[in-house]
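Novice: My numbering applies: residue 2 is where the sequence shown begins, and numbers increase by one. Every residue, glycine too, gets a C-beta built ideally from N, C-alpha and C. I'd like to ask some things about the structure below.
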Amino acid sequence: MNITTIPNKIVTFLKEVKLEMKKVNWPTRDETIKYTLLVIGVSVATAIFLGGIDFGFTALLNKLIFK
């Protein structure tokens, strides 16, 4: 690789990136909001589920250990 070709390769790469970014099918605002709320909802549900399991195991172990 020649040191003088590096700037040309960088420019070519950035031009290709610009072209590819135009081809991307970006989500609409409504889709973004919908999927964001879905992720938040699933995260909260998972946290509640795992918290419940943790609470149950903690209570069970406390009963077994501190009879």
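From residue 57 to residue 39, what distance separates their C-alpha atoms?
Specialist: 27 angstroms
Novice: Please report the distance separating the alpha-carbon of residue 34 from that of residue 26.
Specialist: 16 angstroms
Novice: In this structure, does DSSP put residue 26 in helix, strand or coil?
Specialist: coil
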